[in-house]
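Below: one structure, written as structure tokens.
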Amino acid sequence: MEKHENLKTDYIHHQQSSVLKVLSEIVFGMQDGMVSTLGSVAGIAIGSGNHKTVILAGVVIIAVESISMGIGSYVSNRSEEEVDERKIAEEKEELHNNPEEEKIELHEMYVRDGWSQELATQMVNEAASNHDLMLKEMMIRELKIAQEPESLSVRGGIFMFFSYIVGGLVPLSSYIFLPIHSAIPTSIVITLLGLFLLGVGTTRFTHQPKLKAGVRILIMGGIALCAGLIAGIMLGQ
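Numbering of the sequence shown is given in our numbering, commencing with residue 2 and proceeding in unit increments.
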């Protein structure tokens, strides 16, 4: 019964870790989509004053950046997975070829962590009697890998791609439905509000103060906005 409960707990933690990883891709994609597109289209709108130019530029920016971000997310996550997979494969080989040396290493790590020599010996013998448990202990204590990597690279890239598009459409949508003189302030207000709410929403998982999280992401959007406005004013002169 106890073993069943432990397996159930491990499964829940594993699922939570996977969910949080995907959510981080979604949040980052939406955040970057809103921040980058807001600064770009605001600058282009002020610099050109041309409604069609702003929409065309916004669509191009969102299309190119969403693909770039999606590919970047995939490559980054897949590289991490491959590194972890290689380390685990090497550890499995070491456990097979040099089991006694691995037991000595694990014993030293237990003692280093504060366990007594006697208890460390008992724990090593118990772990060594179960190959999966021994591998898990070496992964956690030597490799600093909590679990065998789950392939989330493709899923992460897809979520990043679509979340960037959704985020980018927030500042661009005002230019689609409103004349340019009304779209500029509307886009700025809606996007900054969206960024603040996105920051507040992340606190459900990070447990950070809501105001602090909202203001932090709002400042990032403000910096991008200022950069875009300055560039638009300078180039429009």
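Glycine included, each C-beta is placed from N, C-alpha and C at the ideal position.
Query, Result
"Considering only residues of the same chain and omitting the five flanking positions on each side of Gly40, which have a CB-CB separation below 7 Å?", "Ala225, Leu226, Ala228, Gly229"
"Buried or exposed for Gln32, please, with buried defined as at least 16 other CB atoms from any protein chain shown within 10 angstroms of its CB.", "buried"
"Which two residues bound the contiguous alpha helix (DSSP H) that contains Gly71?", "52–98"
"Give me the Cα-Cα distance between Leu179 and Leu170, rounded to the nearest whole angstrom.", "14 Å"
"Rounded to whole angstroms, what's the CA-CA distance from Ile189 to Arg113? Just pull it up for me.", "55 Å"
"Whose C-beta lies closer than 6 Å to the C-beta of Tyr176 among residues of the same chain, with five residues either side of it excluded?", "Val55, Ile56, Ala184"
"How far does the alpha helix (DSSP H) with Ile239 in it extend, from its first residue to its last?", "Nothing about residue 239 can be reported from this structure: the residues present for the chain run from 2 to 238 only."
"Can you tell which of Met235, Ala121, Ser69, Ile220 has the C-alpha that lies nearest to the C-alpha of Leu198?", "Ile220"
"Nearest-angstrom Cα distance between Lys137 and Ala121?", "16 Å"
"Which term fits Gly222, buried or exposed, when burial requires 16 or more other beta carbons within 10 angstroms of its beta carbon?", "buried"
"With H, G and I counted as helix, E and B as strand and the rest as coil, what does DSSP make of Pro210?", "coil"
"Tell me whether the stretch 147–162 and the stretch 70–87 touch, counting them as touching only if at least three CB pairs, one residue from each stretch, are closer than 8 Å.", "yes"
"Rounded to whole angstroms, how far is the Cβ of Leu96 from the Cβ of Glu106, which I believe are closer than 8 Å?", "Rounded, the Cβ-Cβ distance is 10 Å, inconsistent with contact."
"Note down the Cα distance separating Val167 from Gln123, rounded to an integer number of angstroms.", "55 Å"
"Relative to the alpha-carbon of Tyr111, which residue among Met35, Arg87, Glu143, Asn99 has its alpha-carbon at the smallest distance?", "Glu143"
"I need the DSSP call for Leu21, collapsed to helix, strand or coil.", "helix"
"Roughly how many angstroms separate the alpha carbons of Ile203 and Ala64, rounded to a whole number?", "According to the sequence as given, residue 203 is Thr; it is not Ile. About 25 Å."
"On the premise that Leu196 lies in contact with Val42, defined as a C-beta separation below 8 Å, what is that separation, rounded to the nearest angstrom?", "Actually they do not touch by this definition, with Cβ atoms about 15 Å apart."
"With distances taken between CB atoms, is the gap from Ser243 to Glu26 smaller than 9 Å?", "Past the edges of the chain, shown from 2 to 238, lies residue 243, and the structure says nothing about it."
"Please report how far the alpha carbon of Ala58 lies from the alpha carbon of Lys211, in whole angstroms.", "34 Å"
"My output table needs one value for Pro186: the three-state DSSP class, helix, strand or coil.", "helix"
"Measuring alpha carbon to alpha carbon, tell me which residue in Ile181, Val23, Glu86, Val36 is nearest Ile218.", "Val36"
"Would you kindly work out how many angstroms separate the C-alpha atoms of Ile68 and Gly115, rounded to a whole number?", "49 Å"
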